[in-house]
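This report refers to the structure that appears directly beneath it.
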Amino acid sequence: MNILLCEDDPNIATIARLALEHVGHHQVTWVADGNAAKSNAMTGQFDVILLDEMMPHKSGADVCNEIRQLGQPTAPIIFLSANPQTARVEEFRPMTVGYIAKPFDPLQLCSQIENILSSAVNNKAG
Amino acid sequence: MKSIRARLLVISAICLSIVVASGFLTFASFEQFSQLNSDLAQSYDLVDAMIAYKYKSLSGNTSQKTDKWIQNWRVRAKKLQPEFRADAVKAVLKNPSTKNLRFLSRSENEYRSYLHPLIDYFSRRAKFFGSLTVASTLFFSFGLLFYVLLYLFAPLRDLSKRMEEFVHNRYSYEFAVPEPNEIGELQSAFDRMAQQVLGQIEELKSLDKAKSDFLSIASHELRTPLTSIKGSLALLNSGIMGKITESAQNLMTIALDETDRLIRLINELLDLAKIEARQFPLHPAWISSHDLISNTFQRLSGFCQTAQVRLEHADTDGYELYVDSDRIQQVLTNLLSNAVKYSPKGQAVTVKIVCDAEPGELTVEVHDKGRGIAPEDQALIFEKFRQASSPQNPLVKGTGLGLAIAKTLVEQHGGTIGVRSRPGDGSTFYFTVPKWRRTANAQLRAVV
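Order-wise, the sequence lines are chains A and B. Each residue of the first sequence is one higher than the last, beginning at -16 in the working numbering. Each residue of the second sequence is one higher than the last, beginning at -17 in the working numbering.
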């Protein structure tokens, strides 16, 4: 899969990239702020977008909201959040296919993404 | 004079004065009427007495008693008014002739004809003033009652209504200009109290927001570095970055375990803080008991494998529970992980659903065959940072918060949580779910 990783913390980004590339053998593009996240997401070249909730310039929730408002279809979005129960994240949950809570196990990251995507497909079909 | 008390005093004084005055006049008129009636009766008695005296004299019946009687009447005659009456009586007492008696009789008739109109007058006057007293008493009573209802009870009722609205409308309040009287003073006092309460509510709201912001920041700042630490250790330990020595791998495993333990502690501390700050809103929905239990078993499969304890379930299918699935899964996970921690190797932990143990109630039970809990510990274990120690079992490295969190979450759902246990005989932890239904009939059984 072609994955867009939007994460401002370079350490977490390194770990996630290593896990996705070495364990899942996926192709990963990394961006570190909200504006780059939005512009890359709009290109439509990705299979899934991992979006961190708190980023510089624009939060993940705002990126999600702006993308949906533009009405352009993008890849499914999965939130990465240290605090998935906040009201703000809950507000944007319907625009995503799921979330992965931090801290996550990098060895399970790929299977978590696959589970979320297959659940989303099943829900859509149902 | 805007004071209600002053107005009431003045009105009451006026009313009372009028009632007392008319009452006094009634009494005075009645007194006069009685006196005149008495004089009238006395006049008749006088004539009868003189006639009786005449017949006694004619019969020659004189005695000492008679002399005394005559003396008495002479004294009484002096008091008679007008004077002609006294003269008439004296004349009869001196000489009880028919002529004198006739004169006496005429005098008394004249006197009585003078009395009759007076008696009439005072009778009418007494009735008039009596009626006036009754009417004024009734009028002023109703007037006072009307005044009290209009100027006292009506404003009090309005004020009471505004106070009720203040409480029931989540403390929204419209301030009004108070009247310059006692009710206005009461309203001003309530307005001041309402302002204070509203101010304190605003302060509490901003404190709540500050708490919420702190929890959000703390959550992010604690979990972010842990993500890097756990991630790095996991990747190194897996060998993806290259082979490492066995002793290095052991050290990695220790570091990973402790990282996981730290993560659990932070998660539970933050969860408990959020629950206590009422920032854990529930999102209940209908979920199947089968899905709840199988998802929880899946999450704990690795942990159970390490502990060499089996997870089993009985009578758990066929129900739907109206709960927040994430939160109830957290409750069940906490109970099951505790049960696994305290179970001997090779044993099983069983989840069972019991309904109608009490009418309408559904209970989820977790049975283990551990060493049991002493009665004195059974109430304490649901408190924060309390746990039974188990030096034999290395898995018992809990935070002491799991049951406290489970209790809070169950109670948020309106249920109860508890334990039945005897030392040496295992334990059964249970929690109830108020709203549930059977999937076969889909009958809603909600217990409030």
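Beta carbons are placed, not taken as given, at the ideal position from N, Cα and C, and that holds for glycine.
Beta-carbon neighbours of residue i, restricted to chain B and to distances below 9 Å
| i | result |
| --- | --- |
| A/His9 | Ordered by position in chain B, no residue passes the 9 Å Cβ test against A/His9, which lies about 14 Å from the chain. |
| A/Pro39 | Under the 9 Å cutoff, chain B gives no residues; its nearest Cβ is about 14 Å from A/Pro39. |
| A/Val6 | Leu217, Ser220 and Ile222 |
Assigned exposure category for residue i - 16 Cβ within 10 Å defines buried
| i | result |
| --- | --- |
| B/His349 | buried |
| B/Glu358 | exposed |
| A/Ile96 | buried |
| A/Lys107 | exposed |
| B/Lys50 | exposed |
| B/Leu(-9) | exposed |
| B/Arg309 | buried |
| B/Leu138 | exposed |
| A/Pro86 | buried |
| B/Arg88 | exposed |
| B/Thr414 | buried |
| B/Met32 | buried |
| B/Gln312 | buried |
| B/Pro376 | Note on B/Pro376: pLDDT 48, under 50, position unreliable in the model; the coordinate value appears next. It counts as exposed. |
| B/His434 | Past the edges of chain B, shown from -17 to 430, lies residue 434 of chain B, and the structure says nothing about it. |
| A/Asn98 | exposed |
Contact set between residue i and chain A, taken where Cβ atoms lie within less than 7 Å
| i | result |
| --- | --- |
| B/Leu208 | Pro86 |
| B/Arg205 | Ala65, Lys85 and Pro86 |
| B/Gly382 | Correct list: empty, because the minimum Cβ distance to chain A is about 21 Å. |
Proximity below 8 Å, CB of residue i to CB of residue j
| i | j | result |
| --- | --- | --- |
| B/Met223 | B/Leu215 | no |
| B/Leu303 | B/Ser283 | no |
| B/Leu120 | B/Asp21 | no |
| B/Thr235 | B/Asn219 | yes |
| A/Leu90 | A/Val31 | no |
| B/Ala330 | B/Glu294 | yes |
| B/Ser105 | B/Pro78 | no |
| B/Phe157 | B/Asp173 | yes |
| B/Ile355 | B/Val401 | yes |
| B/Glu347 | B/Tyr412 | yes |
| B/Val333 | B/Val291 | no |
| B/Asp253 | B/Ile399 | no |
| B/Val71 | B/Leu83 | no |
| B/Tyr93 | B/Ser25 | yes |
Option in the options with minimal Cα separation from residue i
| i | options | result |
| --- | --- | --- |
| A/Cys192 | A/Asn105, A/Asn98 and A/Val11 | Outside the shown range of chain A (-16 to 109) lies residue 192 of chain A, about which nothing can therefore be said. |
| A/Ser40 | A/Arg76, A/Ala15, A/Leu3 and A/Asn98 | Per the sequence shown, the amino acid found at residue 40 of chain A is His instead of Ser. Checking every option, the nearest Cα to that of A/His40 belongs to A/Ala15. |
| A/Ala65 | A/Ile99, A/Asp(-8) and A/Ile(-14) | A/Asp(-8) |
| B/Glu164 | B/Ala386, B/Ser(-15), B/His395 and B/Gly382 | B/Ser(-15) |
| A/Pro45 | A/Ala103, A/Phe87 and A/Ser22 | The displayed chain sequence assigns Asp, not Pro, to residue 45 of chain A. Comparing Cα-Cα distances from A/Asp45 to each of A/Ala103, A/Phe87 and A/Ser22, the minimum goes to A/Ser22. |
| B/Pro266 | B/Gly300, B/Pro99, B/Pro416 and B/Asp69 | B/Pro416 |
| A/Ser102 | A/Pro86, A/Tyr82, A/Phe87 and A/Asp88 | A/Tyr82 |
| B/Lys436 | B/Ala59, B/Gln177, B/Gln63 and B/Ser89 | With chain B running from -17 to 430 in the structure shown, residue 436 of chain B is simply not present. |
| B/Val112 | B/Ala3, B/Ser(-1) and B/Met145 | Note that residue 112 of chain B is Gly in the sequence shown here, rather than Val. The residue with the shortest Cα to Cα distance from B/Gly112 is B/Ala3. |
| A/Glu4 | A/Leu(-13), A/Asn48 and A/Met25 | A/Leu(-13) |
| B/Ala285 | B/Leu18, B/Leu318 and B/Lys143 | According to the sequence shown, residue 285 of chain B is Phe rather than Ala. Ranking the options by Cα distance to B/Phe285, first place goes to B/Leu318. |
| B/Thr410 | B/Thr390, B/Trp418 and B/Ser325 | B/Ser325 |
| B/Gly213 | A/Leu100, A/Leu92, A/Leu53 and A/Ile99 | A/Leu92 |
| B/Ala361 | B/Ser403, B/Val392 and B/Asn320 | B/Ser403 |
| A/Thr26 | A/Arg76, A/Asp88, A/Arg0 and A/Ile50 | A/Ile50 |
| B/Met145 | B/Val179, B/Ala10 and B/Gln53 | B/Val179 |
Limits of the unbroken beta strand (DSSP E) element including residue i
| i | result |
| --- | --- |
| A/Gln10 | Gln10 to Val14 |
| B/Val346 | Leu344 to Asp350 |
| B/Ser403 | Ile399 to Ser403 |
| B/Glu302 | Tyr301 to Val305 |
| B/Glu294 | Arg292 to Ala296 |
| B/Val336 | Ala330 to Cys337 |
| B/Thr414 | Ser409 to Val415 |
| A/Asp35 | Val31 to Asp35 |
Amino acids of chain B, ordered along the chain, whose beta-carbon sits closer than 7 Å to that of residue i
| i | result |
| --- | --- |
| A/Asn66 | Ser198, Ser201 and His202 |
| A/Leu90 | Ala216 and Ser220 |
| A/Asp30 | What A/Asp30 touches in chain B: nothing, since even the nearest Cβ is about 22 Å away. |
| A/Ala44 | Near A/Ala44 there are no residues of chain B at all, since even the closest Cβ is about 13 Å away, more than 7 Å. |
Residue range of the alpha helix (DSSP H) that includes residue i
| i | result |
| --- | --- |
| A/Ala2 | No alpha helix (DSSP H) contains A/Ala2, which DSSP labels as neither H nor E. |
| A/Ser22 | Gly17 to Ala24 |
| B/Asp30 | Ile(-14) to Leu40 |
| B/Gly213 | Glu164 to Ser220 |
Closer than 9 Å at the beta carbon, the chain A residues around residue i
| i | result |
| --- | --- |
| B/Lys225 | Here the premise fails: no neighbours, minimum Cβ distance about 14 Å. |
| B/Gly284 | Correct list: empty, because the minimum Cβ distance to chain A is about 10 Å. |
| B/Ile245 | Pro86 |
| B/Lys212 | Ile(-2), Pro86, Phe87, Asp88 and Pro89 |
Within chain B, the residues that residue i reaches when beta carbons sit closer than 8 Å
| i | result |
| --- | --- |
| A/Ile61 | Within 8 Å Cβ-Cβ: nothing; A/Ile61 doesn't reach chain B, min ~15 Å. |
| A/Ile(-5) | Thr206, Thr209, Ser210 and Gly213 |
| A/Leu3 | Those within 8 Å of A/Leu3 in chain B number zero; the least Cβ separation is about 11 Å. |
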